[in-house]
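Visitor: I'd like to ask you about the structure that follows.
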Amino acid sequence: MSRKALLVAVAALLLVPAALAGCGSSSSPEADWAQNFCDALGTWKASVTTAGKKLTDTSTLSKSTAQEAVDSISSANTKLVSDLKALGKPEGSSGPEAKSAVQNLSTQLEKDAATVKNTMNGVSTTQELLGAIPMMANAASAAATSVSDTITQLESLDTSDKWKQAFEDSDACKSLKNA
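Here the numbering used here is used: position 60 in the sequence shown is 193, and no number is missing along the way.
Okay, structure coming up:
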């Protein structure tokens with residue numbers, strides 16, 4: 134795989150921040166929940182972005198740096214899943230829908246983390262590493278899409294429950310939009 138092809142493949146890892154751009158001061162239970170949700174996503178985004186940068190620097194790319202990046206991505210996904218589960222069921226009539234969306238996201242992130250980890254476990258040579266990066270980038274891209282889709286789903290919940298406003302007013306969600 135050429136250096137250019139490698140950079141293109143790994144670029145998907147750096148798309149994670151862009152996928153988070155859909156997320157929007159707490160004064161209601163919905164606003165508190167949205168703030169905590171976006172705080173968790175912000176922490177995840179920072180970790181995954183840092184790990185992705187390790188994979189794009191082909192001048193220092195090695196099995197050990199790739200393994201560090203994979204471990205960081207896996208840890209970030211595990212932490213996000215834990216943080217999302219800790220949010221609990223949101224209040225309001227749309228609470229069950231929001232909780233279901235977050236549970237689905239957690240399941241998808243666990244699956245994507247396992248894919249990345251399993252892919253890296255099969256790598257023992259530089260050639261295998263170069264072949265594995267596109268598969269890991271696809272898993273990272275799938276995670277970013279899942280996050281973006283979940284945010285969209287949460288923002289579209291019944292407006293009488295103030296969900297859209299909660300995401301629009303959240304400082305953490307605003308910082309994700311501006312990143």
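Where is the CB? At the ideal position from N, CA and C, for every residue including glycine. Quick caveat: nothing in here was measured; it's all calculated off a predicted structure.
Would you identify the three-state DSSP class for residue 222, choosing helix, strand or coil?
Guide: Here residue 222 refers to the residue found at position 89 when the sequence shown is read from its first residue. Here residue 222 sits in coil by DSSP.
Visitor: In the region 236 to 294, which residue ranges form an unbroken alpha helix (DSSP H) of at least 4 residues, counting only runs that do not cross its ends?
Guide: 259 to 288
Visitor: Within this structure, are the beta carbons of residue 222 and residue 239 separated by less than 9 Å?
Guide: One-based indexing of the sequence shown puts residue 222 at position 89. One-based indexing of the sequence shown puts residue 239 at position 106. No, the Cβ-Cβ distance between residue 222 and residue 239 is not below 9 Å.
Visitor: As a quick exercise: from 193, 301, 208, pick the residue whose alpha carbon is nearest that of residue 247.
Guide: The sequence position of residue 247 within the sequence shown is 114, counting from 1. When each option's Cα is compared against that of residue 247, the closest is 208.
Visitor: Does the distance from the CB of residue 234 to the CB of residue 203 come in under 9 Å?
Guide: Here residue 234 is taken as the residue at index 101 of the sequence shown, counted from 1. Here residue 203 is taken as the residue at index 70 of the sequence shown, counted from 1. Not in contact: residue 234 and residue 203 (Cβ atoms no closer than 9 Å).
Visitor: Can you list, in chain order, the residues of its chain with a C-beta nearer than 6 Å to that of residue 286? Leave out the 5 residues immediately preceding and following it.
Guide: On the sequence shown, residue 286 is found 153 positions in, with the first residue counted as 1. So the list reads 234, once near-sequence residues are dropped.
Visitor: Based on Cα-Cα distance, which residue from 201, 260, 179 lies nearest to residue 187?
Guide: Numbered from 1 along the sequence shown, position 54 holds the residue referred to as residue 187. Of the candidates 201, 260, 179, the one whose C-alpha sits nearest the C-alpha of residue 187 is 201.
Visitor: Just to confirm my understanding: we take residue 198, look at its own chain, exclude 5 residues before and 5 after, and list those with CB closer than 7 Å. What are they?
Guide: Working through the sequence shown from its first residue, we reach residue 198 at position 65. Within the same chain, residue 198 has close Cβ partners 187.
Visitor: If you follow the alpha helix (DSSP H) that residue 176 is part of, which residue opens it and which one closes it?
Guide: Here residue 176 refers to the residue found at position 43 of the sequence shown. Where residue 176 is concerned, the enclosing alpha helix (DSSP H) stretches over 162 to 189.
Visitor: With 16 other CB atoms within 10 Å as the buried threshold, where does residue 283 fall?
Guide: Translated into positions along the sequence shown, residue 283 becomes position 150. By the 10 Å Cβ count, residue 283 comes out buried.
Visitor: Pick out whichever of 268, 276, 290, 226 has its Cα sitting closest to the Cα of residue 211.
Guide: In the sequence shown, the residue the question calls residue 211 occupies position 78. Selected option, being the one with the closest Cα: 276.
Visitor: Please classify residue 179 as buried or exposed, where buried requires at least 16 other C-beta atoms within 10 Å of its C-beta.
Guide: Numbered from its first residue, the sequence shown carries residue 179 at position 46. Residue environment analysis places residue 179 among the exposed positions, since fewer than 16 neighbouring C-beta atoms fall within 10 angstroms of its C-beta.
Visitor: Measure the C-alpha to C-alpha separation of residue 307 and residue 261 and round it to an integer number of angstroms.
Guide: For the purposes of this step, residue 307 is taken as the residue at position 174 of the sequence shown. For the purposes of this step, residue 261 is taken as the residue at position 128 of the sequence shown. The alpha-carbon atoms of residue 307 and residue 261 are separated by roughly 40 Å.
Visitor: Where does residue 233 fall in DSSP's three states?
Guide: For the purposes of this step, residue 233 is identified with residue 100 of the sequence shown, where counting begins at 1. Three-state DSSP puts residue 233 in a helix.
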